[in-house]
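So the sequences go chain by chain: A and B.
Here the first sequence is numbered in the numbering used here, starting from 1 and rising by one per residue.
Here the second sequence is numbered in the numbering used here, starting from 581 and rising by one per residue.
Quick notes on the structure that follows.
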Amino acid sequence: MKFANSPLLSSLLPTWRARFVLLVLLTAFASLVARALYLQGVNNDFLQQKGESRYSRVIELSATRGRIVDRHGDVLAVSTPVKSVWAIPEDARLTPAQVRSLARLLEMEPREVSRRLAADSDFVFLKRQIAPHVAEKVAALNLPGIHQQREYRRYYPAGEVTAHMLGFTGVDENGQEGIELAFDSRLAGKPGGRRVIKDRLGRIVEDVESVRKPQDGQDITLALDSKIQYLAYTHLKQAIVEHKAKAGGIVVLDAKSGEVLALANLPTYNPNNRGRLSGAQLRNRALTDTFEPGSTMKPFTVALALEKGRYRFDSQIQTAPGRLTIGAATIHDAHPHGLLTVAEVVQKSSNVGVAKIAADLAPEEMWQMFDTLGFGTPPKLGFPGEAGGRLRPYKTWRPIEQATMSYGHGISVSLMQLARAYLVFARDGDLIPLSLIKLDTPPLAGRRVFSGQTAREVRVMLEMAVQPGGTAPKAQVPGYRVAGKTGTAHKLEGGRYSNQYVSSFVGFAPASDPRLIVAVMIDEPSAGRYYGGEVAAPVFSRVMAGALRALGVPPDTPLAPVQVARQNAAREVPAVPESM
Amino acid sequence: MLRLNVILIVVTVACALGAVASQHEARKLFHELEREQERMRQLEVEWGQLQLEQSTWAAHGRIERIARERLRMQTPAQGQMIAVEPPGGGN
């Protein structure tokens, strides 16, 4: 049958049916257009993101923290990558055997591992900062839900020797103590990132946006000389063991440039393994602890008296009978001396002599000098917790207090402040700022505290103090002329002077052209001897001898005569104990 | 007219293929660059570790111990030292 003859064609249907179909089709079409518009024009973020995630990735570019090196470029602190193991607890369905083998690799208790995996969170660290070879073994176990992440860990090859100088960083590599904290902003790097296109095999084929370059932290070159630091540390440790002392500190300064060549404290800790740390171990005593310095302050009082013209190098002072009463209090000399010159007052460390000299000085003058020398204000090296010490305003000084301050009691200083103040004698009256960082050019001139003439005269007195007849013949260094001053101070405990001592020695060498300043402080020596000349001076001598040799400083006195002088000293002149 | 069209089509296809080929080449080179940069980072890490190792071996304490115990060296006594003047006398 032909199509044209089909009976269906002749049967007329109502026209609304055709219109209805048309309408339905149009509506469907319109909704499709609307949906397409919605997806492609209005709400297109989601799909674009999905599409992009198929090929494009953002890669974090980690930055390394700067290294810390000593003045010769030897590495003191360096960051190196390690792995941290973390887990998604929900995915980590481990059999007990798997937990045990994982715990064994991580050196943890299996129970602890299970406890962490049972945690109700999306992310738990199992163990942070494990060695790369352990990380490989953990990866080889191929456990579900256990992942690794690259982190950096800081290592300190010199360990406890440089612990207080360098400090350490936390687990996230932020500085927490010492140089690590003081120079944190320079050492820390800025991580960068880049968006890339990866192909089917995961290879990077193209950068999409400009790369944000990671900025590695700057390296810091310290003024520290690791050889001198090691010498200082070992000799201090030896002395502390020998004298059964509670603690100690040592500072070595370069007198020419004000650089800190060494700084060590005991007790110390190993910064690579900080399992159990006590506050005593962490304390950077040379900077944060203050003590009453005792006789090491005498040269300053004497220098001021010389400077003001009240006394001359050879003015005579009667110190007999070794007692001096001021108000209600009496000052004693450990050994009565009699008539002494000003130089001998320093050499023999007479309290009475210095107190008499101080009586001719105005409190304001003394305060002014102490303040200019930096006592009472923190040295501003940038170290956390630097102490300023105690220097009371001169208006409140009573005569007896002025007298005790003249020989270093009633005033407290940190070892670093004391070492710095001795710069004025080593530099002909010139005081320069200290530096922890290696300097390319030494500061030209600092602040003039005393005239060159005064400083040179005090230097002679300090040289006498280490010669036979002085308080510290044990501070001598063969081949070099040495100048320095001992200190032995009763410790203040609860406002009263106790029977414990702080022994100290501050000095410099070679005396003809001072190059190094060494300050030693030993807290509570309790093996019988406690005079600064007996306890601290030998440490000074050993460290100074080693350091001068390490720096190649030419000797300024022939070796042989010193040897003879020493033998004489041992045979004829009994070691003169110093007064307190 | 037809011949011109054919030539244009051939040229277009050739250009397209060239673009594809050079893009592929660029990506291959870029990948290689990536690999080298990764190697550079690896070497830097290794350098850091070697520095660490070096300073551990060269620790002053270790050197002193070896010098004293294994090599039986000691600091010369005072009488054993001679100061050498630089030529010309002065110092």
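C-beta atoms are modelled at their ideal positions from N, C-alpha and C, and glycine is treated no differently.
Bear in mind the structure is a predicted one, so any value in this text is a computation, not a measurement.
- Checking the DSSP bridge columns, you'll see A:Gly-487 partnered with A:Ser-504.
- Among the CB atoms of chain B, one or more fall inside 8 Å of the CB of A:Asp-74.
- In this chain, the beta strand (DSSP E) harbouring A:Gly-193 covers 192-198.
- Close to chain A, meaning a Cβ-Cβ distance shorter than 7 Å, are the following residues of the region 597-622 of chain B: Arg-607, Phe-610, His-611 and Glu-614.
- Between the alpha carbons of A:Leu-391 and A:Ile-130 lies a gap of roughly 49 Å.
- B:Lys-608 sits exposed, since fewer than 16 C-beta atoms from the chains shown fall within 10 Å of its C-beta.
- A:Val-539 is positioned such that its CB atom lies closer than 8 Å to that of A:His-235.
- Taking the CA atoms as reference points, A:Pro-267 sits about 21 Å from A:Leu-492.
- Between A:Ala-36 and A:Gln-48, the alpha-carbon positions lie close to 14 Å from each other.
- Contacts between A:Val-78 and chain B, judged by CB atoms closer than 9 Å, involve Gly-628, Gln-629, Gln-631, Leu-632 and Ser-635 in chain order.
- DSSP places A:His-147 in the uninterrupted beta strand (DSSP E) bounded by 146-155.
- With its beta carbon less than 8 Å from one in chain A, B:Ala-639 belongs to the interface.
- Only those residues of the region 202-226 of chain A whose C-beta falls short of 9 Å from the nearest C-beta of chain B are listed: Arg-203, Ile-204, Val-205, Glu-206, Asp-207 and Ser-226.
- Interface with chain B (8 Å Cβ-Cβ cutoff): A:Tyr-155 is included.
- Scanning chain B for C-beta atoms nearer than 7 Å to the C-beta of A:Ala-158 yields Ala-639, reported in chain order.
- A:Tyr-480 sits in a strand when the DSSP states are folded into three classes.
- Nearest to A:Gly-66 by alpha-carbon distance, out of B:Ile-662, B:Glu-624, B:Glu-644 and B:Pro-667, is B:Glu-624.
- Spatial neighbours of A:Asp-333 in its own chain (CB-CB distance under 7 Å, excluding positions within 5 residues in sequence) are listed in chain order as Thr-319, Gly-322, Ser-350, Asn-351, Val-352 and Ser-579.
- Checking the DSSP bridge columns, you'll see A:Met-521 partnered with A:Gly-249 and A:Ser-504.
- At a Cβ-Cβ threshold of 8 Å, A:Leu-201 and A:Glu-180 do not count as neighbours.
- Collapsing the DSSP output to three states places A:Glu-344 in a helix.
- The C-beta of A:Pro-81 comes closer than 8 Å to at least one C-beta of chain B.
- Under the three-state reduction of DSSP, A:Ile-317 is assigned to strand.
- Counting only runs of 3+ residues, the beta strand (DSSP E) found wholly inside the region 53-93 of chain A occupies 56-61 and 75-87, in chain order.
- Of the candidates A:Ile-522, A:Tyr-501, A:Ala-30 and A:Leu-222, A:Ile-522 places its Cα closest to the Cα of A:Ala-286.
- Note on geometry: alpha-carbon atoms of B:Gln-617 and A:Arg-71 lie some 31 Å from one another.
- Between A:Leu-261 and A:Asp-254, the C-beta gap is smaller than 8 Å, which places the two residues in contact.
- Chain-ordered, the chain A residues with CB closer than 9 Å to the CB of B:Val-625 read Thr-64, Thr-80 and Pro-81.
- The beta carbon of A:Tyr-230 falls within 8 Å of a beta carbon belonging to chain B, placing the residue at that interface.
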